[in-house]
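Let me begin by presenting the structure, written as structure tokens, before commenting on it.
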Amino acid sequence: MLTDLGAWLEQFENRLRETFPERVVFLGLQGSRSRGEEKPDSDIDVVVVLDSLTPEDIRRYRAMLDKLPKRALICGFLSGWEELTRWEASDLFQFCHDTTPIIGSLESLLSVIAPEDVARAARIGACNVYHGCVHTLCHGRSMEHLTGLYKSAVFALQALHFRRTGVYLRQKAELLPALSGMDARVLETAIRLRQGESVEFEPAAELLFAWAQEAIKALTDTPEQLWNRLETAHFTLLYDNRDRVLAEQVSRRADETYDRVAKAFALTPTDSKFDFYLCPDVSAFMACTGKTPETYEDWMVGWAGYEQRRLCVLSPRVVMDRSAEAMEQVIVHEIVHIVMDALCPGDQCPVWLGEGVATLYAGQAYPVPGVPAPRIADWTDEISFADGGGYDYAGAYVWYFIRKYGLERFKQVYSGAERAEALLYQGYEEEAVAAWLHHQQIVKENPAG
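Numbering (this note's numbering), first residue to last: 1144 to 1592.
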């Protein structure tokens, strides 16, 4: 029994520094003792990382351990730093999050873990549990083996929860209230087994098997979760470590745009937030938006779904064919869709109105002088709209509509209470373009006005 962990760790650290002077890169504690969930006979899982590691170093480390009290409880991890920096990233996810540092830091290792690595950590864990359940149900029927499988399932549950929320919960007591359904039942059973309670083998094994089966399916059917989480007034921004600086900028612009559009149209913000995925690569963007290789096009860099309460934008860091300014316009464009969907879902109002408001506020209206203006009546669906110059002209048409008929009339039309066709007339498009170009010229000549 170990009664004073702090004193033991202090002795361990002193011996380690004496054994490897100036060579200790990191020292930490893992497992139940680092989480405050230990039992009297729990292992002491120490993590030691040296500047490099040789067979002689391993022998010296073993000799050091043999002279320490509670030798039978000591286990853990020993490695060289370079090997650890090249480690399988899905292993590093659990390793870094479940380690309490004493000397040094593992923060630099977290920066190499991508969203797909978190998913792979959960998937590997679920697959191993599945295999273990089948084996023990067919052959060993060992409660000890089943208890070990439940312990592995807890690690997979932590990865799954992180994947969904961007938050890593180390302790079972804080993880349990965050789970529901089969996830919660598995964790409850794991806690009971950990506490030594009697659990009937067959139902417990079948529950774990069913959970692993569903987890494997879910990990291939749902979008990859990004790791970091930034809360704003209206959004939960989820992003990759490589976009940390960009995420701060995007979060400010997101709230600013949301408030500006909501105020302009006198719309009341919803109580619940929207998930804003700043996708680090195309595969993450496809997963978040539900696109497949058959339905995804290279020009797709933004998507908004009001009902799903989700907004997805491909990180400007990986978009090579658009400027930073153009990508900022994309972000504003999608946020406008989110706000205006509170008035009327985008797929229920005429495409030129929905896209027109978004392009207007994003600064994406580009009518060309001297070129015949496209007809609104020709925009019968999203394809004819895109192919017929809709994204260049609709913003100007909406701007002129509001100017001519007023904001309240526009809201009536946008929401479907009044038909837009009754207010349009032959020559409306030319009139709108001429007014827009005149307005733009005035703004150009007198920016301060």
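Yeah, the Cβ is synthetic: ideal placement off N, Cα and C, and Gly gets one too.
Three-state secondary structure assigned by DSSP to residue i
i, result
"P1436", "coil"
"I1256", "coil"
"T1243", "strand"
"R1337", "helix"
"L1322", "coil"
"G1499", "helix"
"E1471", "helix"
"L1486", "coil"
"L1567", "coil"
"S1415", "coil"
"M1463", "coil"
"A1347", "helix"
"L1362", "helix"
"C1431", "helix"
"D1530", "helix"
"D1441", "coil"
"Y1311", "coil"
"E1250", "helix"
"G1506", "coil"
"C1270", "helix"
"C1492", "coil"
"K1547", "helix"
"L1235", "helix"
"R1328", "helix"
"R1562", "coil"
"G1179", "coil"
"L1410", "coil"
"G1513", "coil"
Beta-bridge pairing of residue i - partner residues as DSSP gives them
i, result
"C1455", "Y1420 and W1446"
"S1222", "V1192"
"I1217", "I1187"
Limits of the unbroken beta strand (DSSP E) element including residue i
i, result
"V1167", "V1167 to Q1173"
"E1374", "N1371 to E1374"
"L1381", "F1378 to Y1382"
Whole-Å CB distance - residue i paired with residue j, under 8 Å assumed
i, j, result
"Y1420", "R1460", "Not quite, the Cβ-Cβ distance comes to about 14 Å (not below 8 Å), so this is no contact."
"I1359", "C1270", "6 Å"
"L1300", "L1330", "6 Å"
"S1177", "S1185", "So it is not a contact: roughly 10 Å between Cβ atoms."
"G1128", "E1399", "Lying before the first or after the last residue shown, residue 1128 is absent from the chain, which here runs from 1144 to 1592."
"Y1571", "D1535", "Actually they do not touch by this definition, with Cβ atoms about 17 Å apart."
"V1479", "V1404", "5 Å"
"L1381", "R1372", "6 Å"
"L1170", "V1190", "7 Å"
"A1537", "I1481", "About 18 Å; that fails the 8 Å criterion."
"P1423", "R1385", "6 Å"
"A1264", "F1236", "5 Å"
"A1257", "D1402", "At roughly 33 Å, the Cβ-Cβ gap does not stay under 8 Å, so A1257 and D1402 are not in contact."
"T1290", "L1336", "5 Å"
"P1212", "W1151", "7 Å"
"L1216", "L1292", "The Cβ separation is near 23 Å, so there is no contact."
"L1172", "I1246", "Incorrect: roughly 11 Å between the Cβ atoms, too far for contact."
"I1519", "L1567", "6 Å"
N-terminal and C-terminal residue of the alpha helix (DSSP H) that residue i is part of
i, result
"W1230", "Segment: none, W1230 is in no alpha helix (DSSP H) and carries neither H nor E."
"N1157", "L1148 to T1162"
"M1207", "P1198 to D1209"
"F1305", "M1286 to T1308"
"V1586", "Y1571 to E1588"
"W1522", "Neither: W1522 is in no alpha helix (DSSP H) and is coded neither H nor E."
"T1400", "R1387 to A1407"
"S1558", "L1550 to S1558"
Query raised in the report: When the Cβ atoms of the region 1410-1430 are set against those of the region 1440-1459, are three or more pairs found closer than 8 Å?
Result: Contact between the region 1410-1430 and the region 1440-1459 is present, because at least three Cβ pairs lie under 8 Å.
Report task. Flag this pair as touching only if the region 1553-1573 and the region 1524-1532 have three or more C-beta atom pairs under 8 Å; answer yes or no. Result -> no
Report task. Indicate whether the contact test is met: 3 or more Cβ pairs, each with one atom in the region 1279-1295 and one in the region 1303-1320, closer than 8 Å. Result -> no
**Report entry** At least 3 beta-carbon pairs within less than 8 Å: the region 1536-1547 vs the region 1490-1501
**Finding:** yes
Query raised in the report: Taking contact to mean at least 3 C-beta pairs separated by less than 8 Å, is the region 1316-1331 in contact with the region 1293-1307?
Result: yes
Query raised in the report: Between the region 1225-1232 and the region 1208-1217, are three or more C-beta pairs nearer than 8 Å?
Result: no
Query - Validate contact between the region 1254-1273 and the region 1346-1355 using beta carbons, cut 8 Å, 3 pairs - result: yes
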